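Student:
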Amino acid sequence: MRIIRGLFITILILISLALAFAWMQPDHYTVTRSIQIQATPEQIYPYLAAPKAWKEWSVWNQRDPAMQIQFSGPESGTGAVWQWQSRTQGNGSMRFTEAQAARLLRYELQFEGMAAPSTGSLLLEAQTGGTKLTWEMQGNNQGQLLMKLFTPFMDRMLGPDFAAGLANLKKRVEQK
171 MRIIRGLFIT
181 ILILISLALA
191 FAWMQPDHYT
201 VTRSIQIQAT
211 PEQIYPYLAA
221 PKAWKEWSVW
231 NQRDPAMQIQ
241 FSGPESGTGA
251 VWQWQSRTQG
261 NGSMRFTEAQ
271 AARLLRYELQ
281 FEGMAAPSTG
291 SLLLEAQTGG
301 TKLTWEMQGN
311 NQGQLLMKLF
321 TPFMDRMLGP
331 DFAAGLANLK
341 KRVEQK
């Protein structure tokens, strides 16, 4: 009986420590990656502004070829929406909230089961010899104690996907 009671107390302590750790984490996270592409912003922008074009370079689409995708709204730019269902990548939607041709695209990303959406942007900056493309995403896990456990690791979890997606985009754009 002592062993069971000791095990129970140990489990309670571990759960309490995990919850205390989560409670102390920041509510917000930001993930940012950039890449230099040897192309003009005008050549890159169509790959960003049209949801259907994301399938050509997004790492998440490549991970699940069976992903079911539906598009709505305009074909590109502000108001364009795509929704997906995936066994491996989760279910969600992305809506483009602001589009400035060859300069900026802002979006709202909502995953099923998440209380608050994430917001992101893709910023194109013309430079000598090409364009600097910066992909940034911010999120807020306020009020979601279990999600706050992941806040310190969001950059390590999403950053490599952003970098791989940008590398795929660079390869595709520079081949044309």
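What the sequence shown shows, in our numbering, is residues 171 to 346, in sequence order. Think of the CB as a built atom: it goes at the ideal place given N, C-alpha and C, for glycine as much as any other residue. What you are looking at is a predicted structure, and each value in this text was computed from that prediction instead of being measured.
1. Within its chain, find whatever has a CB closer than 6 Å to the CB of R276; leave out the 5 residues flanking it on each side and keep chain order.
2. Give the list of continuous beta strand (DSSP E) stretches no shorter than 3 residues that lie fully inside the region 241–321.
3. With respect to the beta strand (DSSP E) encompassing Q206, which residues constitute its N-terminal and C-terminal limits?
4. Determine the direct distance from the alpha carbon of N311 to that of Q213, and round the result to whole angstroms.
5. If you reduce the DSSP assignment to three classes, tell me which class Q195 lands in.
6. Could you give the distance in angstroms between the alpha-carbon of T304 and the alpha-carbon of F191?
7. Take Q347 as the anchor and find which of W230, A334, S186 and R273 has the nearest alpha-carbon.
8. List the endpoints of the continuous alpha helix (DSSP H) containing K222.
9. In whole angstroms, what is the alpha-carbon distance linking F320 and R175?
Tutor: Taking the coordinates as given:
1. As a first step, residue 276 must be located in the sequence shown, where it is residue number 106. Correct list, in chain order: T267, E268 and S291.
2. Listed in chain order, the beta strand (DSSP E) runs fully inside the region 241–321 are 251–255, 262–270, 274–281, 288–297 and 300–310, counting runs of at least 3 residues.
3. For this step, residue 206 is matched to residue 36 along the sequence shown. Where Q206 is concerned, the enclosing beta strand (DSSP E) stretches over H198 to I207.
4. Within the sequence shown, residue 213 is the residue found at index 43, counting from 1. Within the sequence shown, residue 311 is the residue found at index 141, counting from 1. The straight-line gap from Cα to Cα measures roughly 36 Å.
5. By one-based count along the sequence shown, residue 195 stands at place 25. When DSSP states are grouped into helix, strand and coil, Q195 belongs to the coil group.
6. If you number the sequence shown from 1, residue 304 lands on position 134. If you number the sequence shown from 1, residue 191 lands on position 21. Looking at the two C-alpha atoms, the distance is approximately 31 Å.
7. The question about residue 347 has no answer, for the chain in this structure spans 171 to 346.
8. One-based indexing of the sequence shown puts residue 222 at position 52. Segment P221 to W224, the alpha helix (DSSP H) holding K222.
9. The sequence position of residue 320 within the sequence shown is 150, counting from 1. The sequence position of residue 175 within the sequence shown is 5, counting from 1. Between F320 and R175, the C-alpha separation is close to 30 Å.
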